[in-house]
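What follows is one structure encoded as structure tokens, with my remarks underneath.
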Amino acid sequence: MYIADDGRYESMPYRRTGRSGLRLPAISLGLWHNFGTDRPLERQQAIVRRAFDLGVTHFDLANNYGPPPGAAETAFGRIVHQDLRPYRDEFLVSTKAGHLMWPGPYGEWGSRKSLLASLDQSLGRMGLEYVDIFYSHRPDPDTPLEETMGALHQAVRQGKALYAGISNYSPEQTREAARILRELGTPLLIHQPRYSMLDRGPEQGLLEALTDIGAGSIVFSPLAQGLLSSRYLDGVPEGSRAAGGSPFLSSEQITAETVTMLRGLNELARERGQSLAQMALAWVLRDSVTSALVGASSPEQLADSVAATERLGFADDELARIEDLLAQGPSLG
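Residue numbering for the sequence shown follows the numbering used here, beginning at 324 and increasing consecutively.
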């Protein structure tokens, strides 16, 4: 029987989410990869256990995470049932809806019908009465924003979610979504954008918007799909995501200039007593970001990511050096 580590809250920093009373761990576990039916449940269980023992109290999912879609929620539900149910009041579960999940006109996007049906399915797969955060996973160009935000508000009013969030919304859409939710009486808690050293999109108005409206941020792909790790310091290794034809990272992106940039960043990380991945995580957490989402294929990899919190601060000269190095390489945003 799993018994959580007594010291799990001793090291992890917890940050207030916008102007809410909710605090998130600086590092959250995302179940986008590594929690499908192509991985053994025992390994997934070990990762989740290790995360909770290290103070990672937030587990981020979506209806379509797998493979196949829905598999990550099913696996997580089994882990909750076997290990975490006694600790339900000590951890947060988030899920999302908006991408394709079932055939027909109601299986994706942002209608009230689609979002609330998807949430019911997610709760069923996980065996939970509620999730802590329910997101609109992407804006729907054909559905009024009032309807999509109304569905999030309804989920909260029904007690199926405690907080409302959005993901992949522009700064303008974010401000309007926050206004609608505020008028309904369900404040926008959080936005989940893609953000890393190599993808600076949120700096173009989104982070400022979130500060203005009092919402938090939790960023995905802070390691740029693994590019900001030690794997690519000598080019594209066999078995890597870039070598496997990933739609998110291609071998064509790993140019000689990219490798030179990565090596420079890696040298700075070593001077700081960190791995490149740890420094990249610390970098996204340096300012107004509430939490960084990491994936993990093993408990050891998860622990390595959490160790980034041991040094989150940067000297001015370090930040300037990072900017100089980034100017030599590609932008993914």
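All C-beta atoms in this analysis are idealised placements derived from N, C-alpha and C, irrespective of residue type, glycine included.
Starting from asparagine 585, follow the alpha helix (DSSP H) in both directions and report where the run begins and ends.
-> Walking along the sequence shown from the start, residue 585 turns up at place 262. Strictly speaking, residue 585 in this sequence is leucine, with asparagine absent from that position. Segment 579 to 594, the alpha helix (DSSP H) holding leucine 585.
Does DSSP put glycine 400 in a helix, in a strand, or in coil?
-> In the sequence shown, the residue the question calls residue 400 occupies position 77. Correct three-state label for glycine 400: helix.
Near leucine 468, which residues of its chain fall below 8 Å by C-beta distance, leaving aside the five closest residues on each side in sequence?
-> Taking the sequence shown and counting its residues from 1, the one referred to as residue 468 is at position 145. Cβ neighbours of leucine 468 beyond the five flanking positions: Pro462, Gln496, Glu499, Ala500, Ile503.
Please go through the region 407 to 435 and give each complete beta strand (DSSP E) segment of 3 or more residues, from N-terminal end onward.
-> Those beta strand (DSSP E) runs which fall completely within the region 407 to 435 and span 3+ residues are 415 to 420.
Per DSSP, isoleucine 541 is paired with what?
-> Within the sequence shown, numbered from 1, the residue matching residue 541 stands at position 218. DSSP output for isoleucine 541 lists Ser614 as bridge partner(s).
Could you check how far apart the C-beta atoms of glutamate 580 and glycine 652 are, in whole angstroms? I think they sit under 8 Å.
-> Counting from one through the sequence shown, the residue named residue 580 turns up at place 257. Counting from one through the sequence shown, the residue named residue 652 turns up at place 329. 6 Å between Cβ atoms; contact.
For proline 390, which option in Leu354, Gln597, Arg408 has the closest C-alpha, if you only look at C-alpha atoms?
-> As a first step, residue 390 must be located in the sequence shown, where it is residue number 67. The option with the nearest alpha carbon to proline 390 is Leu354.
Measure the alpha-carbon distance for methionine 584 versus glutamine 548 and round it to whole angstroms.
-> If you number the sequence shown from 1, residue 584 lands on position 261. If you number the sequence shown from 1, residue 548 lands on position 225. Approximately 16 Å, taken between the alpha carbons.
For tyrosine 650, does the count of other Cβ atoms within 10 angstroms reach 16, so buried, or fall short, so exposed?
-> In the sequence shown, the residue the question calls residue 650 occupies position 327. In the sequence on display, residue 650 carries alanine and not tyrosine. Exposed, by the Cβ-count rule.
Buried or exposed for threonine 578, please, with buried defined as at least 16 other CB atoms from any protein chain shown within 10 angstroms of its CB.
-> Along the sequence shown, one-based indexing puts residue 578 at 255. Exposed, because fewer than 16 other Cβ atoms sit within 10 Å of the Cβ of threonine 578.
Find out if the Cβ-Cβ distance for the pair isoleucine 350, serine 621 is shorter than 8 Å.
-> As a working note, residue 350 is residue 27 in the sequence shown. As a working note, residue 621 is residue 298 in the sequence shown. Cβ distance not < 8 Å, so isoleucine 350 and serine 621 don't count as in contact.
Please determine if the region 371 to 383 and the region 633 to 645 are in contact, where contact requires at least 3 C-beta pairs separated by less than 8 Å.
-> A contact between stretches requires three or more CB pairs, one per stretch, nearer than 8 Å, and the region 371 to 383 fails this requirement with the region 633 to 645.
Compute the beta-carbon to beta-carbon distance between leucine 546 and alanine 603, rounded to the nearest angstrom, for a pair I have assumed lies under 8 Å.
-> By 1-based counting over the sequence shown, the position of residue 546 is 223. By 1-based counting over the sequence shown, the position of residue 603 is 280. With a Cβ gap of about 6 Å, leucine 546 and alanine 603 count as contacting.
Using beta-carbon positions only, say whether leucine 512 and tyrosine 486 come within less than 8 Å of one another.
-> Locating residue 512 in the sequence shown gives position 189, where the first residue counts as 1. Locating residue 486 in the sequence shown gives position 163, where the first residue counts as 1. Cβ atoms of leucine 512 and tyrosine 486: closer than 8 Å.
What are the start and end residues of the alpha helix (DSSP H) that includes alanine 374?
-> The residue given as residue 374 occupies position 51 in the sequence shown. DSSP places alanine 374 inside the alpha helix (DSSP H), whose first and last residues are 364 to 376.
Any contact of the region 326 to 346 with the region 430 to 445, i.e. 3+ C-beta pairs under 8 Å?
-> No: fewer than three Cβ pairs fall under 8 Å.
Got a sec? Which residues, its chain only, sit under 7 Å from threonine 340 by beta carbon, not counting five neighbours each side?
-> For the purposes of this step, residue 340 is identified with residue 17 of the sequence shown, where counting begins at 1. Only residues of its own chain outside the window of five on either side were considered, and among them Arg346, Leu347, Leu512, Ile513, Gly539, Thr613 have a CB closer than 7 Å to the CB of threonine 340, listed in chain order.
Proximity winner among Pro510, Arg408, Glu333, Gly359, relative to alanine 619 (alpha-carbon distances) = Within the sequence shown, the letter at position 296 stands for residue 619. Comparing C-alpha distances from alanine 619 to each of Pro510, Arg408, Glu333, Gly359 shows the shortest one belongs to Gly359.
What whole-angstrom Cβ distance do proline 516 and valine 542 have, given they're in contact under 8 Å?
-> Taking the sequence shown and counting its residues from 1, one reaches residue 516 at position 193. Taking the sequence shown and counting its residues from 1, one reaches residue 542 at position 219. The Cβ separation is near 6 Å, so the contact holds.
Exposed or buried, arginine 411, counting other C-beta atoms within 10 Å across all chains shown (16 or more means buried)?
-> Walking along the sequence shown from the start, residue 411 turns up at place 88. Looking at its Cβ environment, which holds fewer than 16 other Cβ atoms inside 10 Å, arginine 411 is exposed.
Span of the alpha helix (DSSP H) around aspartate 639 | As a working note, residue 639 is residue 316 in the sequence shown. Note, aspartate 639: alpha helix (DSSP H), 639 to 649.
From the DSSP output, in three-state form, read off tyrosine 492 for me.
-> Position 169 of the sequence shown, counted from the start, is the residue given in the question as residue 492. Correct three-state label for tyrosine 492: coil.
Hey, would you say leucine 423 sits closer than 8 Å to glutamate 431, going by beta carbons?
-> The residue labelled residue 423 in the question sits at position 100 within the sequence shown. The residue labelled residue 431 in the question sits at position 108 within the sequence shown. At a Cβ-Cβ threshold of 8 Å, leucine 423 and glutamate 431 count as neighbours.
Report, in whole angstroms, the separation of the C-beta atoms of arginine 342 and glycine 482, which I expect to be a contact under 8 Å.
-> The sequence position of residue 342 within the sequence shown is 19, counting from 1. The sequence position of residue 482 within the sequence shown is 159, counting from 1. No, arginine 342 and glycine 482 are not in contact; Cβ-Cβ is about 22 Å, not under 8 Å.
Report, in whole angstroms, the separation of the C-beta atoms of alanine 484 and tyrosine 453, which I expect to be a contact under 8 Å.
-> The residue you call residue 484 lines up with position 161 of the sequence shown. The residue you call residue 453 lines up with position 130 of the sequence shown. Contact holds; Cβ gap of about 6 Å.
If you run the structure through DSSP and keep just helix, strand and coil, what is glycine 353?
-> For the purposes of this step, residue 353 is taken as the residue at position 30 of the sequence shown. Strand, per DSSP.
State the Cα-Cα distance for the pair glycine 344 and proline 525, rounded to the nearest angstrom.
-> Locating residue 344 in the sequence shown gives position 21, counting from the first residue. Locating residue 525 in the sequence shown gives position 202, counting from the first residue. The straight-line gap from Cα to Cα measures roughly 24 Å.
Can leucine 415 and phenylalanine 399 be called in contact, C-beta distance under 8 Å?
-> Position 92 of the sequence shown, counting from 1, holds the residue named residue 415. Position 76 of the sequence shown, counting from 1, holds the residue named residue 399. Contact: no.
From glutamate 646 to leucine 556, what distance separates their C-alpha atoms?
-> Translated into positions along the sequence shown, residue 646 becomes position 323. Translated into positions along the sequence shown, residue 556 becomes position 233. Rounded to whole angstroms, glutamate 646 to leucine 556 spans 19 Å at the Cα level.
Tell me which same chain residues have a C-beta within less than 8 Å of the C-beta of tyrosine 680, skipping the five on either side of it?
-> It is not possible to answer for residue 680, since the shown part of the chain is limited to 324 through 656.
Reference glutamine 597, options Val617, Ala615, Ser553, closest by Cα = Numbered from its first residue, the sequence shown carries residue 597 at position 274. Nearest of Val617, Ala615, Ser553 to glutamine 597, Cα basis: Ser553.
Measure the C-alpha to C-alpha separation of methionine 449 and serine 493 and round it to an integer number of angstroms.
-> Counting from 1 along the sequence shown, the entry for residue 449 is found at position 126. Counting from 1 along the sequence shown, the entry for residue 493 is found at position 170. In a straight line, the C-alpha of methionine 449 is about 30 Å away from that of serine 493.
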